[in-house]
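A short write-up of the structure that comes next.
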Amino acid sequence: MDDADAAAGLTELGLSTYAARTFVGLQKLGVASASEIAQVADVPRSQVYGAADELEELGLIDVQEGSPTRYRPVDIDEARELLYDRLRSTTEAAFDHLETVRGQQAPTDHREAIWTTEGGENVAARVTSLVAGADERVLFATSDPTMLSGDVADALADADAAGVDVTVASADAPVREAAREAGLTAVEVGDATPELSVGRVLLVDDDTVLLSVQPTAEMQSVAGESAFWSDGTGFARVLAAVIREAFV
1 MDDADAAAGL TELGLSTYAA RTFVGLQKLG VASASEIAQV ADVPRSQVYG AADELEELGL
61 IDVQEGSPTR YRPVDIDEAR ELLYDRLRST TEAAFDHLET VRGQQAPTDH REAIWTTEGG
121 ENVAARVTSL VAGADERVLF ATSDPTMLSG DVADALADAD AAGVDVTVAS ADAPVREAAR
181 EAGLTAVEVG DATPELSVGR VLLVDDDTVL LSVQPTAEMQ SVAGESAFWS DGTGFARVLA
241 AVIREAFV
């Protein structure tokens, strides 16, 4: 990482470009005037003053009035904590507002909602989210042991502990064994089930369904795991009934 990378990182934490460059320059100089900062920080001297005001307002530098005015950065650990606190505060405020406005505008599109999710990590996150919302029962099916691990395995175990009827279906013995070791009900399914054409299947409370596919030679347009899912819709209820009949 060089000075430019460090400055770019500081802008990600909320500093303006000139303020970030000024702060990096001050780390080199320790105590410096605007003209001295401009010489090392790639910031026009006329812009150093505004950048310094920004840094002072954030508590990142101390200012010594005089002719010329001189600036000194605060301790690195103090600066880190100040910026982290500011980022956390801004993030919390933004998401608090999102919680407030969420759902205020009534939906005008009443079509059945079918959503897609791309990428293995994103699909796993969606699975854990849907499982967390289960009230009565969950069916999870896969032939890939790696898909019954990490957060997904934890979510299924948590649902089971909460009294939800959790079943893991698989034609793969290691998957069933992993499920049983986690205290979950495991059932064997035959090779002719839909399990073999998808990466994983999830049914939640008979009105939520997720199916994912993995890239194959016949599906070259699929770069990674890709899933479609529907929650609380008529489509999901019909498809869930068909899939449950095939698996259980």
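UniProt numbering numbers the first residue of the sequence shown as 1 and each following residue consecutively. Every residue, glycine too, gets a C-beta built ideally from N, C-alpha and C.
Using only the alpha-carbon positions, how far apart do residue 212 and residue 135 sit? Your numbering for residue 212 matches position 212 in the sequence shown. Your numbering for residue 135 matches position 135 in the sequence shown. When only Cα atoms are considered, residue 212 and residue 135 end up about 23 Å apart.
With distances taken between CB atoms, is the gap from residue 40 to residue 52 smaller than 8 Å? Within the sequence shown, the letter at position 40 stands for residue 40. Within the sequence shown, the letter at position 52 stands for residue 52. In this structure, residue 52 does not lie closer than 8 Å to residue 40 by Cβ.
Endpoints, alpha helix (DSSP H) assigned at residue 131: Sequence index remark: in the sequence shown, residue 131 carries index 131 (1-based). Run containing residue 131: 120 to 132, per the alpha helix (DSSP H) assignment.
Smallest Cα separation from residue 148: which of 45, 201, 241? On the sequence shown, position 148 is the one that residue 148 refers to. Among 45, 201, 241, the Cα nearest to that of residue 148 is on 201.
Per-residue DSSP class, three states only, for residue 113: Taking the sequence shown and counting its residues from 1, one reaches residue 113 at position 113. Coil at residue 113, not helix or strand.
Once you ignore the five residues that flank residue 49 on each side, which residues in its own chain have a CB closer than 7 Å to its CB? Position 49 of the sequence shown, counted from the first residue, corresponds to residue 49. For residue 49, where only same-chain residues beyond five positions count, the Cβ hits under 7 Å are 34.
Beta carbon of residue 230 nearer than 8 Å to that of residue 113: Mapped onto the sequence shown, residue 230 falls at position 230. Mapped onto the sequence shown, residue 113 falls at position 113. Yes; because the gap between Cβ atoms is below 8 Å, this pair is in contact.
Could you name the residues of the same chain whose beta carbon sits closer than 6 Å to that of residue 192, not counting the 5 residues immediately before and after it, in chain order? Here residue 192 corresponds to residue number 192 of the sequence shown, with the count starting at 1. Low confidence applies to residue 192: its pLDDT is 48, below 50, so where it sits in the model is not reliable, and the reading given next is rough at best. Cβ neighbours of residue 192 beyond the five flanking positions: none.
Taking the alpha helix (DSSP H) that residue 19 falls in, what are its first and last residues? Position 19 of the sequence shown, counted from the first residue, corresponds to residue 19. Looking at the DSSP string, the run of the alpha helix (DSSP H) that includes residue 19 is 17 to 29.
So, helix, strand or coil for residue 69, using DSSP? Counting from one through the sequence shown, the residue named residue 69 turns up at place 69. Residue 69 sits in coil when the DSSP states are folded into three classes, being neither helix nor strand.
Nearest to residue 47 by CA position, among 22, 56, 228, 206, is which residue? In the sequence shown, the residue the question calls residue 47 occupies position 47. Of the candidates 22, 56, 228, 206, the one whose C-alpha sits nearest the C-alpha of residue 47 is 22.
Work out the CA separation of residue 24 and residue 304 for me, nearest whole Å. With the chain covering only 1 through 248, there is no way to say anything about residue 304.
Given a threshold of 16 other Cβ atoms within 10 Å of its Cβ, counted over all protein chains shown, does residue 128 qualify as buried or as exposed? Taking the first residue of the sequence shown as 1, we reach residue 128 at position 128. Counting Cβ neighbours within 10 Å, residue 128 comes out buried, since at least 16 surround it.
The segment 1 to 14 / the segment 82 to 102 touching (three or more Cβ pairs under 8 Å): The segment 1 to 14, when compared against the segment 82 to 102, does touch it at the 8 Å Cβ threshold.
Between which two residues does the alpha helix (DSSP H) containing residue 146 stretch? Counted from its first residue, the sequence shown places residue 146 at position 146. Careful: residue 146 lies outside any alpha helix (DSSP H) and carries neither H nor E.
Between which two residues does the alpha helix (DSSP H) holding residue 91 run? Taking the first residue of the sequence shown as position 1, residue 91 is located at position 91. For residue 91, the uninterrupted alpha helix (DSSP H) segment begins and ends at 76 to 101.
By how many angstroms is the C-alpha of residue 92 removed from the C-alpha of residue 27? What you label residue 27 is simply residue 27 of the sequence shown in a count that begins at 1. What you label residue 92 is simply residue 92 of the sequence shown in a count that begins at 1. One C-alpha to the other measures close to 30 Å.
Segment limits, beta strand (DSSP E) that includes residue 2: Residue numbering aside, residue 2 sits at position 2 when the sequence shown is read from its first letter. Annotation: residue 2 is outside any beta strand (DSSP E) and is labelled neither H nor E by DSSP.
To the nearest angstrom, report how far apart residue 234 and residue 133 are at their CA atoms. Within the sequence shown, numbered from 1, the residue matching residue 234 stands at position 234. Within the sequence shown, numbered from 1, the residue matching residue 133 stands at position 133. Rounded to the nearest angstrom, the two C-alpha atoms are 18 Å apart.
Considering only DSSP beta bridges, list what residue 230 is partnered with. Stepping through the sequence shown from its first residue, residue 230 is reached at position 230. DSSP output for residue 230 lists 209 as bridge partner(s).
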